[in-house]
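**Student:** Numbering (the working numbering), first residue to last: 154 to 497.
Just so it is clear, CB atoms sit at the ideal spot from N, CA and C, and this is done for glycine as well.
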Ligand code: HEC
Ligand code: HEC
């Protein structure tokens, strides 16, 4: 081969990975958005960023079990990690935490996190669980897909994390073998770009500030994951609603409510109405769609619900009328069709 040919072949061989990389980025952008595409780039270049596991062990105490149960309910761990009732979205009897498989974009395995030794978390260390929950790296070192809401759980304080782990160890083990998830390479590389190790202790929120306590609970309950809206340019409209959410029985989607204190939001709420809405799933006589997981939040105590309400009152009011009792119409604020859209 002449020298010129050798150079041409070398350039060609170099171009293949560059082109594959560019094509991969474009595909991920097309399926998801820029945020995911940027994670694909990070994941491909840097791999999974994970901190090494420690051998920390959390002391098993009954106050921890009790607090852990409270938090796990509010964080809705078992709505994902169990087979659930199609009306209430609560775990089926005997299925709590035992995992399930759901058909999303790909067949998705929600792992068994009960303490079963062979098919669940029985053999995992405390720190394997802790790292998975807040930092998105599984017991085996894999980057978890961000359906596992570890970015929201990142705010969980060290003490509360210990409670969650101790509680998970105390639930009945369920022997339930699930298939290993087979992710396409592009998705694996994208998932790898998400985890960010926590290097510093996470303190509990400032107990003297009700709104801060409330904000902390909204991270655990992931309220923003449904209630944040988006304008037509894709900018987040915090708590302004409009995101279309599918209920547990796969019925047609409904729009999440505007929870800001604008008059198009929930300005008319007071603490008592907020508490009764979350406890009963009814706003006065109006029944909320099951897409709103109030059944998981109904056991939050009065103080915690008051804190959440106090936090919502600090969120900037945004005008965005969302009303599922009206037929869907085009909305120029969010660019989607939802009830009350035409009035915006
Ligand atoms: C919205 C759905 C969802 C919620 C809510 C959720 N998870 Fe997950 N979780 C997942 C999925 C999906 C995976 C698997 C991700 C993967 O394999 O890439 C996962 C993975 C995990 C893992 C890692 C398992 C392993 O193989 O190492 C642990 C531990 C875990 N979740 C615990 C929890 C706990 C505790 C909570 C509540 C505080 C919780 N999850 C809430 C969806 C969820
Ligand atoms: C899985 C998605 C989801 C999550 C998570 C979620 N919500 Fe909702 N929420 C909805 C949907 C959808 C509606 C609208 C239901 C309807 O109109 O029937 C709603 C309605 C509400 C309402 C009634 C507002 C009204 O229209 O009067 C309140 C209050 C509320 N949510 C508070 C919260 C709080 C607080 C959290 C977190 C602790 C939260 N939600 C978490 C989906 C969600």
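Kindly indicate if chain C contains any beta-carbon less than 8 Å away from that of residue 477.
**Tutor:** In the displayed structure, chain C is absent; only one protein chain is listed.
**Student:** Taking residue 186 as the reference, give the member of 393, 388 and 448 with the closest Cα.
**Tutor:** Nearest C-alpha to residue 186: 388.
**Student:** Using 8 Å as the threshold, is the C-beta distance between residue 477 and residue 407 below it?
**Tutor:** Against a cut-off of 8 Å, the Cβ pair of residue 407 and residue 477 comes out as a contact.
**Student:** Hey, residue 370 and residue 309: beta-carbon distance below 8 Å or not?
**Tutor:** Not in contact: residue 370 and residue 309 (Cβ atoms no closer than 8 Å).
**Student:** May I ask whether a heavy atom of ligand 2 can be found less than 7 Å away from the beta carbon of residue 446?
**Tutor:** At least one heavy atom of ligand 2 is nearer than 7 Å to the Cβ of residue 446, so yes.
**Student:** Any heavy atom of ligand 1 closer than 7 Å to the CB of residue 278?
**Tutor:** No, the beta carbon of residue 278 sits no closer than 7 Å to any heavy atom of ligand 1.
**Student:** Ignore the nearest five residues each way along the sequence and tell me which others in residue 225's own chain have a CB closer than 8 Å to its CB.
**Tutor:** The answer, listed in chain order, is 231, 317, 320 and 321.
**Student:** Decide if the segment 382-397 is in contact with the segment 234-245; the criterion is three or more beta carbon pairs, one per stretch, under 8 Å apart.
**Tutor:** The segment 382-397 is not in contact with the segment 234-245.
**Student:** Quick one: residues in its chain with C-beta nearer than 7 Å to the C-beta of residue 493, no 5 flanking neighbours on either side, listed in chain order?
**Tutor:** If we look at residue 493 and ignore the five residues flanking it on each side, its Cβ neighbours are 474, 475, 476 and 479.
**Student:** Which two residues bound the contiguous beta strand (DSSP E) that contains residue 254?
**Tutor:** 253-256 is the extent of the beta strand (DSSP E) around residue 254.
**Student:** For residue 324, which residues does DSSP report across the bridge?
**Tutor:** Beta-bridge pairing links residue 324 to no other residue.
**Student:** Who are the Cβ neighbours of residue 458 in its own chain at under 7 Å, not counting the five residues just before and after it?
**Tutor:** Only 427, 428 and 431 meet the Cβ criterion.
**Student:** Alpha carbons only, please: which of 423, 282, 400 and 446 is nearest the one belonging to residue 375?
**Tutor:** Checking every option, the nearest Cα to that of residue 375 belongs to 446.
**Student:** If you measure between the beta carbons of residue 453 and residue 173, is that distance less than 8 Å?
**Tutor:** No; because the gap between Cβ atoms is not below 8 Å, this pair is not in contact.
**Student:** Just list the residues that DSSP pairs residue 440 with in beta bridges.
**Tutor:** Answer is 435.
**Student:** Is the segment 165-185 touching the segment 193-201, taking contact as three or more C-beta pairs under 8 Å?
**Tutor:** Output reads yes: the segment 193-201 touches the segment 165-185.
**Student:** Looking at residue 264: is its Cβ nearer than 8 Å to the Cβ of residue 252?
**Tutor:** Yes, Cβ-Cβ distance for residue 264 and residue 252 is below 8 Å.
**Student:** DSSP three-state label for residue 170, please.
**Tutor:** DSSP places residue 170 in helix when its eight states are reduced to three.
**Student:** According to the Cβ coordinates, are residue 337 and residue 290 closer than 8 Å?
**Tutor:** In this structure, residue 290 does not lie closer than 8 Å to residue 337 by Cβ.
**Student:** Cutting at 7 Å between CB atoms, please list the residues of its own chain near residue 302, excluding the five before and the five after it.
**Tutor:** For residue 302, where only same-chain residues beyond five positions count, the Cβ hits under 7 Å are 375 and 378.
**Student:** Just the Cα atoms here: how many angstroms apart are residue 189 and residue 300?
**Tutor:** Those two C-alpha atoms are separated by around 12 Å.
**Student:** Pick out whichever of 420, 395 and 419 has its Cα sitting closest to the Cα of residue 485.
**Tutor:** Closest by alpha carbon: 395.
**Student:** May I have a chain-ordered list of the alpha helix (DSSP H) segments no shorter than 4 residues that lie completely inside the segment 317-382?
**Tutor:** Segments of the alpha helix (DSSP H) lying fully in the segment 317-382: 338-345, 363-374 and 376-380.
**Student:** I need the boundaries of the alpha helix (DSSP H) containing residue 490, first residue and last residue.
**Tutor:** Note, residue 490: premise wrong, no alpha helix (DSSP H); beta strand (DSSP E) at 490-492.
**Student:** Please classify residue 182: does DSSP put it in a helix, a strand, or coil?
**Tutor:** Residue 182: helix per DSSP, three-state reduction.
**Student:** Using alpha carbons as the reference points, say which of 307, 434 and 456 lies closest to residue 449.
**Tutor:** The option with the nearest alpha carbon to residue 449 is 434.
**Student:** Is residue 262 near ligand 1 - that is, is its Cβ less than 7 Å away from at least one heavy atom of it?
**Tutor:** Residue 262: yes, Cβ under 7 Å from ligand 1.
**Student:** What separation, rounded to the nearest whole angstrom, lies between the Cα atoms of residue 246 and residue 165?
**Tutor:** Distance between the alpha carbons of residue 246 and residue 165 is about 59 Å.
**Student:** Assuming residue 443 and residue 242 make a contact with CB atoms under 8 Å, what is their CB distance in whole Å?
**Tutor:** About 7 Å separates the two Cβ atoms, so the contact holds.
**Student:** Looking only at C-alpha atoms, which of 356, 203, 296 and 330 sits nearest to residue 234?
**Tutor:** Nearest of 356, 203, 296 and 330 to residue 234, Cα basis: 330.
**Student:** Where does residue 406 sit, in a helix, a strand or coil, going by DSSP?
**Tutor:** Note: residue 406 maps to coil in three-state DSSP.
**Student:** Should residue 319 be counted as a contact of ligand 1 given a C-beta to heavy atom distance under 7 Å?
**Tutor:** Not under cutoff, so the answer is no.
**Student:** Spell out a yes or no on whether the segment 349-369 and the segment 197-206 are touching, meaning 3 or more CB-CB pairs, one atom from each, closer than 8 Å.
**Tutor:** Contact between the segment 349-369 and the segment 197-206 is present, because at least three Cβ pairs lie under 8 Å.
**Student:** List the endpoints of the continuous beta strand (DSSP E) containing residue 481.
**Tutor:** Residues 481-483.
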